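Protein chains in written order, with this note's numbering: chain E, 310 to 670; chain H, 145 to 503. Below is one structure, written out as C-alpha cells; the observations come after it.
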Amino acid sequence: MFKLEKRPSPSKPWILATPILAVILTMIAGGLMFAALGKNPFEAIRIIFWDPLFSQQFAAYSRPQLLVKAGPLILIAIGLSLGFRAGIWNIGAEGQYIMGAIAGASFGLTFYPTESVWVFPGMVIAGALGGWAWAMIPAILKTHFRTNEILVSLLLVYVAEKFLASAAVGFLRNPEGSGFPGSRQLNRIEAFSNPELIANTGMHWGVLLAFISVIAAYILLNKHLVGYQIKLAGQAPRAARFAGVNPTRLILLCMGVSGILAGLAGVFEVTGPAGQISIDFNVGYGFTAIIVAFLGRLHPVGILLAGLLMALTYIGGELAQLMLGIPASAIQAFQGMLLFFLLALDVLSNYRIRMRKEGVA
Amino acid sequence: MKNITKLLTGAALATGLATSAFAQDDPLQVGFVMVGSINDMGWNTGHYHGLEAVQEHFGDAVETTYVENVPEGADAERVLTQMALAGADIIFTTSFGFMDPTNNVAERFPNVMFEHATGYRRDHPNVSTYSARFYEGRAVMGHIAGHMTESNIIGYIASYPIPEVIRGINSAYHHASEVNPDVEFRVVWAFTWMDPTIETEAAQALIDQGADVIMQHTDTTAPLAVAAEAGAIGFGQASDMIQFAPAPRVSAIIDDWGPYYIERVQAVMDGTWESGDTWDGIGPGMVGIGEMTDAIPEEVRASAQAMVEAIAAGEYHPFTGPINMQDGSAWLADGEVADDGTLAGMDFYIEGVTGDIPN
C-alpha cells in the first residue's frame with residue numbers, strides 16, 4: 310500500500326513543520342484522553358499551554374518559573390548533545406548533576422560561617438569539577454578498558470543517589486536540624502546563594518549560563534574544528550580516523566564537557582531554586598535532558614526551544630492537576646504523547662511516503 | 145475538585161504574588177500537596193483519605209484540590225505558590241521535604257494557612273506543623289511480634305536513619321524484648337520510603353537470615369507479599385493493607401489524618417486558626433491499630449488490646465523506664481517517661497538493639 314522512500318537529505322520544510330504538527334496531534338489525542346476522564350478537553354489544553362504564559366492569574370509567577378525549570382534542562386542537554394552527535398552516549402548526567410551539587414555544597418559548607426564573596430565562585434568551580442570527575446569514570450574506563458559508557462554512566466547514577474542520601478543524613482547534615490536529614494539552607498546564606506539576578510524574572514546564574522552554552526555550542530559546532538570533528542566522528546567514524554580525529558581525545562572531551570555542564574546545573578540548582586542538599590534533591594533533570602536533547606534534534610537552538618516546551622508542559626501540567634483535578638499520571642501520558650508524535654513524525658522529514666499499486670511486487 | 149476558575153475571576157492578582165481574595169460566601173478552598181501517588185496504598189493514600197474525609201464532612205462548604213507526585217524542593221515551592229494564587233485558603237503539605245518550601249511560600253501569602261506534616265519549622269504565624277506518634281503503634285506491633293516469633297529473629301525494613309524511624313525501631317524492640325528477652329532485631333536500611341524492588345529484596349534477605357516476622361517502615365505492600373510466600377507474618381504500614389489479612393498481615397498501623405484535617409479546616413472557617421504543633425497518637429485517633437486477625441493467639445490479642453487502651457487513655461507511655469542506651473548507659477530511670485524533645489530528635493538505639501545507625 311504505502312512505501313517509505315528515504316530522502317537523499319532530510320526535508321527542510323518538514324523539519325520545521327513536524328514540531329508544530331506534533332503539538333497539534335498531541336492536543337487532539339490528549340484532548341480525547343482528558344474527555345475520556347470526564348474533563349473539559351478545551352479547558353485542559355488551554356490551562357497547559359496558554360495559562361502559564363498568559364493567564365492574568367498565574368502568568369506573572371509562572372513565566373519566570375519556566376526559565377527556572379528549563380535552565381538546568383537546557384544546560385545539561387547542550388552538553389549531552391555534543392557527545393550524542395559524536396556517537397558518545399553519556400546517559401548518566403543525573404549522577405554528574407548530583408555529584409556537582411554535592412561537591413559545590415561541600416566546598417561552601419567547609420567555610421561556614423563566612424561572608425567572603427570568593428566562596429560562591431569556588432563552589433561553582435567545585436561543582437564543575439565534581440560533575441567532570443564523575444563523568445571521567447565512564448570516559449576513562451571506555452578509552453582504556455573498552456567498557457560501554459552507556460552502562461557505566463547509567464549505573465553510576467545509582468551510586469551517586471546513594472552517595473547523596475548518605476550526604477544528606479551524614480556529613481552534610483545540618484547540625485542545627487534536630488537530626489533530620491538535609492543540609493543547611495544554602496540559598497538563605499548570602500555567601501552560598503545563587504539568587505535571582507533581576508527580581509521576578511527567574512533568571513539566575515544557571516539560566517544565564519544555559520543561554521551562553523547554547524551560543525557557545527552553536528559556534529563550536531559551526532565554526533570550530535572540534536565541532537567539525539564531533540560531527541564527522543558521528544556520521545563517518547572511519548573517515549574521521551583518516552582525517553586525524555583522535556577518538557580517545559574526543560571521548561574525554563565530550564564526556565568531560567557534558568559532565569561539567571551537568572555538574573554546574575547541579576551546583577546552581579542546589580544554591581538556588583532547590584536550596585539545599587536533601588535525600589531527594591535530584592528530580593530527574595539529567596534524564597529529562599536526554600529527551601530534551603533529542604527533541605531539539607541535537608541542535609543548540611532546537612534544544613533551547615525543546616527545554617522551554619518541556620518546562621511549559623510541567624508547569625501547565627501542575628496547573629491542570631490543580632484546577633481540573635486531572636491525575637498526575639494523565640499529565641505524564643500527555644507529555645509522553647508529545648514526545649511520541651515528535652519522534653514518530655521524524656519519519657516524514659527523513660522519508661517520502663509513496664503510494665504503491667496493489668499487486669505489484 | 146471541581147473547576148474553581150470561575151470563582152476566581154474576581155481575584156485581581158496584578159502583582160502575581162498578592163494574597164487570595166476570600167469572600168465569606170464562597171466555599172473554603174482546601175489544597176493538598178502529595179509527594180507520591182494517591183494510589184500508593186500507603187502514606188499518600190492515607191492523606192488522600194484525609195482529603196476525602198474533609199470533603200465528606202463539609203460537603204459544599206469546601207472545595208478540595210490536590211497535586212500529587214510533587215518532588216521536594218523547587219518544584220514544591222512552585223506548586224504551593226500556584227495553589228495559593230489559585231485561591232487556596234488552607235494548604236496541607238504532607239511530606240517532610242516540603243518543610244522549607246512551605247515556610248518560604250507562607251511568608252509571601254500571609255492570609256493563606258499552611259499545615260506541614262512531620263516538620264518542625266514554623267517561621268511564620270500562618271504555618272502549623274503536625275505529626276503522629278507512630279511509635280505508639282510500633283509498641284503494639286512489637287508486642288505482637290515478640291510473642292509470635294518462633295525463630296526469635298525479627299526483620300525490620302527501615303527507610304532513612306532519621307529520628308522518626310529510629311524511634312520506631314526502639315519502640316518495637318523495647319516491647320518485643322519485654323515479652324521475649326531472646327528476641328533479636330535485624331535491621332535493613334532501604335534508603336527509600338517506597339520502592340517495591342528494594343523492599344522485596346530486603347524482606348527476602350531478612351527471611352533468608354531466619355526472620356519469621358517482618359516489620360516495615362517503608363510504604364508498599366511488597367514486604368507482605370514476600371512474607372506471604374515464606375509463611376512469615378508482617379503488619380500493614382500507613383494504610384491498613386487489609387488485602388493481606390488474616391495472614392501475613394496480622395495487624396496494622398494506620399495513619400488517620402481525617403479528624404485533624406476536619407478540625408483545622410473548621411478552625412479556618414471559624415476564624416480561630418492559630419499556628420501550633422500537634423503530635424497526636426492513638427488516643428485522639430491519629431494513629432489507628434488495624435484489626436488483629438485470628439492468626440494472633442487470643443491471649444496475645446487481649447494483651448495487645450490492653451496496651452492499645454492504656455496508651456489511648458494516657459496511662460501508659462511506650463518509653464517508660466528503666467531503659468538504657470545501646471552502650472549500657474542509663475537513659476530513663478525506673479518509671480521515668482521520655483520527654484517529647486528527646487523523642488523528636490532521637491538519634492540513638494536503646495540497649496539490646498544491635499548494629500549501628502548508618503550515616
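All C-beta atoms in this analysis are idealised placements derived from N, C-alpha and C, irrespective of residue type, glycine included. Since this is a predicted model, take the numbers as computed values, not measurements.
- In chain order, Ala302, Pro502 place their CB closer than 6 Å to the CB of Trp333/H, counting only its own chain and leaving out the 5 sequence neighbours on each side.
- Cα atoms of Arg252/H and Ala474/H: separation of roughly 47 Å, rounded to the nearest angstrom.
- Per DSSP, the unbroken beta strand (DSSP E) holding Ser272/H starts and ends at 271–276.
- Against Tyr304/H, the close residues of chain E are Ala474, Val478, Pro490, Ile588, in the order they occur along the chain (beta-carbon pairs closer than 8 Å).
- Within the segment 191–234 of chain H, the runs of beta strand (DSSP E) at least 3 residues long that lie entirely inside it are, in chain order, 206–211.
- In the DSSP assignment, Gly413/E falls within the unbroken alpha helix (DSSP H) covering 402–419.
- Note that the segment 548–561 of chain E does not touch the segment 424–440 of chain E; fewer than 3 beta-carbon pairs, one per stretch, sit closer than 8 Å.
- Not one beta carbon of chain H lies nearer than 9 Å to the beta carbon of Tyr660/E.
- Interface annotation for the segment 206–230 of chain H against chain E: Thr209, Val211, Glu212, Asn213, Pro215, Glu216, Gly217, Ala218, Asp219, Arg222, Val223, Thr225, Gln226, Met227, Leu229, Ala230, criterion Cβ-Cβ distance under 7 Å.
- Here Val357/H is bridged, per DSSP, to Ile298/H, Ile377/H.
- Its chain contains Ala602, Leu607 as the residues whose beta carbon lies nearer than 7 Å to that of Phe393/E, once the 5 sequence neighbours on both sides are disregarded; these appear in chain order.
- Taking the beta carbon of Ala637/E as reference, the chain H residues within 8 Å of it are Ser181, Val211, Glu212, Asn213, listed in sequence order.
- The beta-carbon distance between Leu391/E and Val566/E, rounded to whole angstroms, is 6 Å. This is short enough to meet the 8 Å contact definition.
- One Cα belongs to Val177/H, the other to Ala218/H, and the distance between them is close to 14 Å.
- Ile662/E is bridged by DSSP to Leu313/E.
- Within the DSSP bridge table, the entry for Ile433/H names Ile397/H as partners.
- Proximity of Gln374/E to chain H, defined by a Cβ-Cβ separation below 9 Å, is satisfied.
- Taking all protein chains shown into account, Met490/H has 16 or more neighbouring C-beta atoms within 10 Å of its C-beta and is therefore buried.
- By the CB criterion at 9 Å, Glu221/H and Val179/H fall outside the cutoff.
- Residue range 257–261 is occupied by the beta strand (DSSP E) that includes Met257/H.
- Inside the segment 403–483 of chain H, DSSP marks whole beta strand (DSSP E) runs of 3 or more residues at positions 421–424, 431–434, 474–476, from first to last along the chain.
- Straight across, the Cα-Cα distance linking Glu403/E with Phe649/E is about 23 Å.
- Listed along chain H, the residues sitting closer than 9 Å to Gly584/E by beta-carbon distance are Gly217, Ala218, Glu221, Asp244, Pro245, Asn248.
- Taking a contact as a CB-CB distance under 8 Å, the pair Thr437/H and Pro390/H counts as one, their CB atoms being some 4 Å apart.
- For Ile494/H, the three-state secondary structure derived from DSSP is strand.
- Tyr370/E belongs to the set of residues whose beta carbon lies under 9 Å from a beta carbon in chain H.
- DSSP places Gln494/E outside both helix and strand once states are collapsed to three, so it counts as coil.
- Neighbours of Ala488/H in chain E, taken as residues whose beta carbon is under 9 Å from its own, are Ser487, Gly488 in chain order.
- Under DSSP, the beta-bridge partners assigned to Thr237/H are Val177/H, His260/H.
- Within a 10 Å sphere around the beta-carbon of Thr510/E sit fewer than 16 other beta-carbons, which makes this residue exposed.
- Straight through space, the alpha carbons of Gly402/H and Glu196/H are spaced by roughly 8 Å.
- At a cut-off of 9 Å between beta-carbon atoms, Met632/E makes contact with chain H.
- Only Tyr264 from the segment 255–286 of chain H bring a Cβ to less than 7 Å from some Cβ of chain E.
- Sequence-distant Cβ neighbours of Ala410/E in its own chain, meaning closer than 7 Å and more than five residues away, are Gly436, Gly575, Val576, Glu578, Val579, Ile586, Phe590.
- The bridge partners DSSP lists for Phe329/H are Ile298/H.
- The C-beta of Gly593/E comes closer than 9 Å to at least one C-beta of chain H.
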